[in-house]
Amino acid sequence: MLHIQSSSFLRHGLFRISCFCERRWRLRGVAARGVSCLPSCLNKHDPLAPGLRSGMIPTEIVENMTRIEVTEEYSWDLTHSRSYETVMEALSSLITCRKRGEKPSIGGKYTKLERMTMYLKILGLEENIAGLNIIHVAGTKGKGSTCAFSEAILRECGFKTGLFTSPHLIDVRERFRLDGIDIAEEKFLQYFWDCWDQLRDNVTKDLPMPPLFQFLTLLAFKIFIDEKVDVGIFEVGLGGEKDSTNVIKEPVVCGISSLGMDHLDSLGDTLGKIALHKAGIFKPNVPAFTVPQLPEAMNVISQKAQLLRIPLEVVQPLTRGELNGLQLSLAGDHQFVNASLAVSLCKSWLRHTGNSEKVFTNDGCEADMPDAFLRGLSSARLPGRAQIVHDAIFRSSDTATGDLVYYLDGAHSPESMDACARWFSKMAKGDHKSTPLSSSKSSCENGLGEAVSKNGFTKQEKGNCDKISKQILLFNCMEVRNPQILLPKLIGTCASSGVHFSGALFVPSISTYNKVVSGYSITSNIPLRNLSWQFNLQRIWEKTVNGKDPQMY
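With our numbering, letter number 348 in the sequence shown gets 376, and the count goes up by one each step, no holes.
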């Protein structure tokens with residue numbers, strides 16, 4: 029989903045773009061049959077451009093993807109090239125394009141977790157996983173943010189951190205962070221080929237090469253063990269109980285972020301069934317934390333904790349007062365919930381690893397928020413989640429010159445769409461304060477007034493700049509989602525906050541299920557796609573906005 033905002037100053041002005049992209053996919057600039065894609069306005073050298081023009085593989089698809097069962101799958105000769113692009117080909121060979129809901133084509137006498145255990149033994153990693161002092165986090169919404177906050181907090185406390193998250197936006201190396209930085213290409217190549225060669229040499233009929241997400245999980249263990257991190261923070265890929273990361277048998281602490289209705293075909297069609305999968309990461313003698321949940325989910329989580337006889341703590345959202353005037357680095361009110369879970373996970377981790385006194389200097393008292401925690405909460409990063417990116421464009425026409433502001437988010441469930449809409453509405457109404465326009469500095473220096481949004485326009489009522497902002501939605505979602513729920517939720521929540529869109533652009537997906545690409549291989553040569561899904565989205569939009577179905581052509 030992508031939102032656009034433009035600001036015009038009479039004949040001279042700024043053009044701003046704000047983008048929300050469903051984070052399971054990436055978009056490329058497209059203009060075909062009347063459907064235009066805003067990111068094509070980006071300069072090719074802009075750091076955001078690759079992320080908006082290349083493909084991304086959905087986590088839920090990757091987790092269930094299996095290798096292509098053909099004898100020629102490794103026919104390309106790896107001995108001639110071990111370049112980064114060859115790695116992309118190798119990873120792509122671990123994927124097969126299949127529809128959601130189908131049973132995995134990979135069979136045999138072993139379950140997925142049994143195969144994962146065997147892969148770990150082949151790589152010589154099984155006995156070393158416990159030494160990673162792992163924080164394991166599951167959830168429907170916010171698990172990635174919780175992991176990012178946790179990593180930043182413990183890194184600021186002086187520990188060497190390893191973070192494994194999914195999906196990636198531009199490059200697969202984003203999934204593996206060492207001390208807050210994506211793993212270097214040289215190290216990635218070294219660890220990749222080490223794992224690849226060992227696994228390939230031990231392939232059997234009952235133990236084929238692991239599917240993509242399983243391979244990446246194994247690679248994360250390899251990287252973090254060899255790099256001797258003090259703490260490994262692992263985000264669950266899909267569900268929990270049967271997820272590839274659940275070969276972690278002795279984590280230091282487990283957490284479950286907010287739960288909602290998503291991945292129903294894989295996890296079940298009720299919140300209770302989904303919660304049971306998520307709580308599957310709980311382990312005996314390992315403390316567990318969660319955030320406030322709906323009763324149906326909370327009951328299941330509590331029962332699982334009682335069954336294992338482990339402590340379960342429900343943490344309340346952080347308050348702004350606890351941040352001592354600082355701001356969370358990840359935007360949106362919902363991030364106070366994720367930040368609170370991260371704080372509790374880190375405190376528990378410090379206690380159970382014997383490091384509490386190193387951070388809590390006041391006789392180990394945890395009542396006050398340590399400075400290291402505050403630094404982590406105010407510096408954590410997770411691209412594509414409630415992210416604002418500024419970009420300047422210049423055109424020959426006087427009326428088109430201006431700035432672009434992209435508002436990026438990956439909301440893909442009703443609950444996350446509501447949170448996304450509330451965040452955007454807040455930002456859109458106050459954007460003139462957070463994003464000063466350089467070309468209008470002299471005319472606006474007398475002060476900026478409140479903004480009023482109507483029919484997709486936001487106009488300053490005070491000051492001398494007479495700025496008008498225009499909101500345009502650029503939206504995309506996978507066909508497995510339900511846009512009849514997502515679009516009305518977005519439009520309605522924004523409208524209830526006084527923010528309206530003046531138009532919408534529905535962009536075709538460019539990503540494919542069967543190929544991993546790097547930033548080096550991004551291309552602007554985009555084939556013409558079937559736009560029937562986009563016209564369907566248009567019908568839903570028109571019906572929601574106008575109350576009736578449009579006449580389609």
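Note that CB positions come from ideal geometry on N, CA and C, so glycine has one too.
Who are the near neighbours of residue i in its chain, counting only those whose CB is closer than 8 Å to its CB and skipping five residues on each side?
i, result
"Leu515", "Phe503, Leu565, Ile568, Trp569, Thr572"
"Trp451", "Ala359, Gly360, Asp361, His362, Ala414, Asp437"
Compute the distance between the beta-carbons of residue i and residue j, then report whether it is under 8 Å.
i, j, result
"Ser294", "Gly267", "yes"
"Ala449", "Ala414", "no"
"Ile302", "Asn274", "no"
"Cys522", "Val387", "no"
"Arg201", "Asp207", "no"
"Gly283", "Ser272", "no"
"Leu299", "Glu269", "no"
"Pro279", "Ile181", "no"
"Ile513", "Pro398", "no"
"Lys188", "Asp254", "no"
Looking at the structure shown, is residue i part of a helix, part of a strand, or coil, going by DSSP?
i, result
"Phe364", "helix"
"Ser64", "Caution is warranted here: a pLDDT of 33 is assigned to Ser64, below 50, making its placement in the model unreliable, and the coordinate value is therefore given only provisionally. The answer is strand: DSSP assigns Ser64 an E or B state."
"Leu122", "coil"
"Ile568", "helix"
"Asp399", "helix"
"Glu263", "strand"
"Tyr219", "helix"
"Ala370", "helix"
"His291", "coil"
"Lys498", "strand"
"Ser194", "coil"
"Ser285", "coil"
"Val314", "coil"
"Gln331", "helix"
"His440", "coil"
"Val573", "helix"
"Glu341", "strand"
"Asp271", "coil"
"Phe187", "coil"
"His418", "strand"
"Ile162", "coil"
"Lys233", "coil"
"Phe529", "coil"
Return the Cβ separation of residue i and residue j in integer angstroms, given the expectation that the two are a contact with Cβ distance under 8 Å.
i, j, result
"Ser178", "Leu373", "5 Å"
"Leu235", "Met289", "Actually they do not touch by this definition, with Cβ atoms about 35 Å apart."
"Gln226", "Ile150", "6 Å"
"Leu119", "Leu240", "6 Å"
"Ser330", "Leu340", "6 Å"
"Leu304", "Val328", "5 Å"
Please go through the same chain and pick out, in chain order, the residues whose beta-carbon is closer than 6 Å to the beta-carbon of residue i, but skip the five residues on each side of it.
i, result
"Tyr102", "Only weak support exists for where Tyr102 lies, its pLDDT of 44 falling under 50; the value from the coordinates is given anyway. There are no such residues."
"Ser406", "Leu354, Ser357"
"Gly349", "none"
"Ser368", "Val343, Pro345, Leu346"
"Ala158", "Glu278"
"Gly404", "Ala180, Ile181, Glu184"
Under 7 Å Cβ to Cβ from residue i, same chain only, skipping five residues before and after it: list those, please.
i, result
"Glu263", "Val165, Lys171, Gly172, Cys175, Phe192, Thr193, Ser194"
"Phe252", "Leu160, Gly190, Gly260"
"Met237", "Arg95, Leu122, Leu227, Arg228, Val231"
"Thr381", "Asn161, Val280"
Compare the Cα-Cα distances from residue i to each of the options and report the closest residue.
i, options, result
"Tyr434", "Ile276, Ile416, Glu443", "Ile416"
"Ala248", "Pro238, Asn230, Tyr219, Asp234", "Tyr219"
"Phe529", "Trp561, Val544, Asn574, Ile513", "Asn574"
"Arg409", "Arg183, Ser111, Leu351, Lys140", "Arg183"
"Asn313", "Lys250, Lys277, Asp199", "Lys277"
"Ala439", "Asp254, Leu432, Gly412, Lys457", "Gly412"
"Leu196", "Leu244, Ile157, Ile163, Glu154", "Leu is not the amino acid found at residue 196; the sequence shown has His there. The candidate whose alpha carbon is nearest that of His196 is Leu244."
"Gly458", "Leu518, Glu443, Gly526, Pro315", "Gly526"
"Cys505", "Ser537, Leu518, Asp396", "Ser537"
"Lys311", "Asp297, Ala333, Met326", "Ala333"
"Lys250", "Glu155, Phe563, Ile513, Gln499", "Glu155"
"Met401", "Thr168, Lys375, Gly382", "A small fix is needed here, since residue 401 is Phe in this sequence, not Met. Closest by alpha carbon: Lys375."
"Pro320", "Val365, Lys306, Arg509, Met445", "Val365"
Using a Cβ-based criterion (distance less than 7 Å to any ligand heavy atom), does residue i qualify as near the ligand FAD?
i, result
"Asp437", "Absent from the structure shown: the ligand FAD. Ligands present: none."
Return no unless some Cβ of chain C is closer than 8 Å to the Cβ of residue i.
i, result
"Asp234", "The structure shown has no chain C; it contains just one protein chain."
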